[in-house]
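A.B. asks:
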Amino acid sequence: MKDRRTFIKNSLGLAAGLAVAKAGYGSSVFADFGMMAFQFKHEPLPYANNALEPAIDAQTMQIHHERHYGTYVKTANEAIQAENAQISNEKDLFKTIDKFSAKLRNNAGGAYNHALFWKILRAPQKDNKPTGSLAAAIDKEFGSFAKFQEAFTKAATQQFGSGWAWLVLDGGKLKVGGTPNQDNPLMKGVALQGQPLLGLDVWEHAYYLKYQNKRPDYVAGFWSIVNWEQVQKHFDGK
1 MKDRRTFIKN SLGLAAGLAV AKAGYGSSVF ADFGMMAFQF KHEPLPYANN
51 ALEPAIDAQT MQIHHERHYG TYVKTANEAI QAENAQISNE KDLFKTIDKF
101 SAKLRNNAGG AYNHALFWKI LRAPQKDNKP TGSLAAAIDK EFGSFAKFQE
151 AFTKAATQQF GSGWAWLVLD GGKLKVGGTP NQDNPLMKGV ALQGQPLLGL
201 DVWEHAYYLK YQNKRPDYVA GFWSIVNWEQ VQKHFDGK
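Here you go:
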């Protein structure tokens with residue numbers, strides 16, 4: 001009798017696990033049916049669509065966040081399930097990104113990069129600059145905030161085609177550079193390595209409605225909306 005109860009209990013547990021796998025949660029299930037694979041979340045904007053005007057217009061922000069970012073998240077999660085990518089977080093995935101498809105690489109990068117991008121933006125500020133230990137580190141590494149801006153602007157404006165410009169921390173050293181498409185500095189094999197602190201999307205969908213082909217104007221407007229308090233948290237490892 002005891003063996004029969006144990007068999008029924010185990011069978012119900014297995015069935016429940018299989019039901020979860022088929023329920024459309026957008027994730028694969030580990031072999032023990034008890035742990036869900038990592039999934040990206042469609043993070044809400046921490047401000048209204050029009051909060052960044054005039055630097056970024058409301059229509060661009062709405063389309064960018066809802067459609068482009070939403071597609072990256074959805075497609076990345078589908079690829080995670082299809083490829084049985086049993087990873088616990090983004091960093092695990094990016095460290096082994098060469099093992100997976102271009103579909104997963106591009107869309108996981110898009111999901112992560114945009115989630116970071118939304119957080120490091122805020123309503124326009126006058127004389128918008130970092131303070132504290134981040135400001136001191138920028139001065140030490142680049143000579144001044146103005147010289148850092150020049151280096152970052154160069155990376156953003158000279159990135160050929162679609163991509164991103166970054167400020168990263170690598171072994172205690174600040175670096176500036178760019179990555180193509182939806183690559184980021186956490187990915188294995190990318191030339192610019194480090195922990196992203198600040199990222200700027202220079203895909204045309206991020207600015208074309210307002211700026212057309214004038215990427216330098218978009219980059220110039222970016223400096224007024226950087227949330228340096230959030231960038232400081234990244235610098236502090238928070």
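Counted from 1, the sequence shown has number 108 at position 108 by UniProt numbering; the numbering is strictly sequential. Just so you know, even glycine gets a beta-carbon here, dropped at the ideal spot from N, CA and C.
(1) Have a look at W166, K173, A123 and A156 and flag the residue whose alpha-carbon is nearest the alpha-carbon of N227.
(2) When we look at the beta-carbon of E229 and count the other beta-carbons within 10 Å, is it buried (16 or more) or exposed?
(3) Look up T179 in the DSSP assignment and say whether it is helix, strand or coil.
(4) CA-CA distance, K173 and I138?
(5) Among residues of its own chain, excluding the 5 on either side of A51, which ones have a beta-carbon nearer than 6 Å to its beta-carbon?
(6) Give every residue of the same chain whose Cβ lies closer than 6 Å to the Cβ of F148, excluding the five residues on either side of it in the sequence, and list them in chain order.
(7) Any idea which residues DSSP pairs L45 with across the strands?
(8) Tell me the DSSP secondary structure of P59 in three-state form.
(9) Determine the burial state of Q182: buried for a count of at least 16 other Cβ atoms within 10 Å of its Cβ, exposed for fewer.
(10) With P196 as the anchor, note down where its beta strand (DSSP E) starts and where it stops.
(11) For W118, which of helix, strand or coil comes out of DSSP?
(12) Reducing DSSP to helix, strand and coil, say where D170 ends up.
(13) Drop a sphere of 10 angstroms on the beta-carbon of T179, count the other beta-carbons inside from all chains shown, and report buried for 16 or more, exposed for fewer.
(14) May I ask you to verify whether the stretch 187-195 touches the stretch 207-219, counting CB pairs closer than 8 Å and requiring at least 3?
(15) The alpha helix (DSSP H) that contains H234, what's its start and end?
(16) Do you know offhand how far K233's Cα is from K119's?
(17) If I follow the unbroken alpha helix (DSSP H) through Q81, where does it start and stop?
(18) Short check: CB of V202 to CB of G163, under 8 Å?
C.D. replies: For this structure:
(1) Position 227 of the sequence shown, counted from the first residue, corresponds to residue 227. N227 has its Cα closest to that of A123, out of W166, K173, A123 and A156.
(2) On the sequence shown, position 229 is the one that residue 229 refers to. Its Cβ having fewer than 16 others within 10 Å, E229 is exposed.
(3) Residue 179 sits at position 179 when you count from the first residue of the sequence shown. Strand, per DSSP.
(4) As a first step, residue 173 must be located in the sequence shown, where it is residue number 173. As a first step, residue 138 must be located in the sequence shown, where it is residue number 138. Taking the straight line joining both Cα atoms gives about 10 Å.
(5) Indexing the sequence shown from 1 puts residue 51 at position 51. Cβ neighbours of A51 beyond the five flanking positions: A123.
(6) The residue given as residue 148 occupies position 148 in the sequence shown. Closer than 6 Å at the Cβ level, and outside the excluded window around F148, lie I138 and F142.
(7) Here residue 45 refers to the residue found at position 45 of the sequence shown. Its beta-bridge partners do not exist; DSSP assigns none.
(8) Here residue 59 refers to the residue found at position 59 of the sequence shown. The displayed chain sequence assigns Gln, not Pro, to residue 59. DSSP places Q59 in helix when its eight states are reduced to three.
(9) One-based indexing of the sequence shown puts residue 182 at position 182. Buried, since its Cβ has 16 or more Cβ neighbours within 10 Å.
(10) Within the sequence shown, the letter at position 196 stands for residue 196. Element bounds for P196: Q195 to D201.
(11) For this step, residue 118 is matched to residue 118 along the sequence shown. The answer is helix: DSSP assigns W118 an H, G or I state.
(12) For this step, residue 170 is matched to residue 170 along the sequence shown. DSSP places D170 in strand when its eight states are reduced to three.
(13) Working through the sequence shown from its first residue, we reach residue 179 at position 179. Result: buried.
(14) no
(15) As a first step, residue 234 must be located in the sequence shown, where it is residue number 234. Element bounds for H234: W228 to F235.
(16) As a position in the sequence shown, residue 233 is number 233, starting the count at 1. As a position in the sequence shown, residue 119 is number 119, starting the count at 1. Cα to Cα, K233 sits roughly 11 Å from K119.
(17) As a working mapping, residue 81 is identified with position 81 in the sequence shown. Counting along the chain, the alpha helix (DSSP H) containing Q81 begins and ends at G70 to A82.
(18) On the sequence shown, position 202 is the one that residue 202 refers to. On the sequence shown, position 163 is the one that residue 163 refers to. Yes, the Cβ-Cβ distance between V202 and G163 is below 8 Å.
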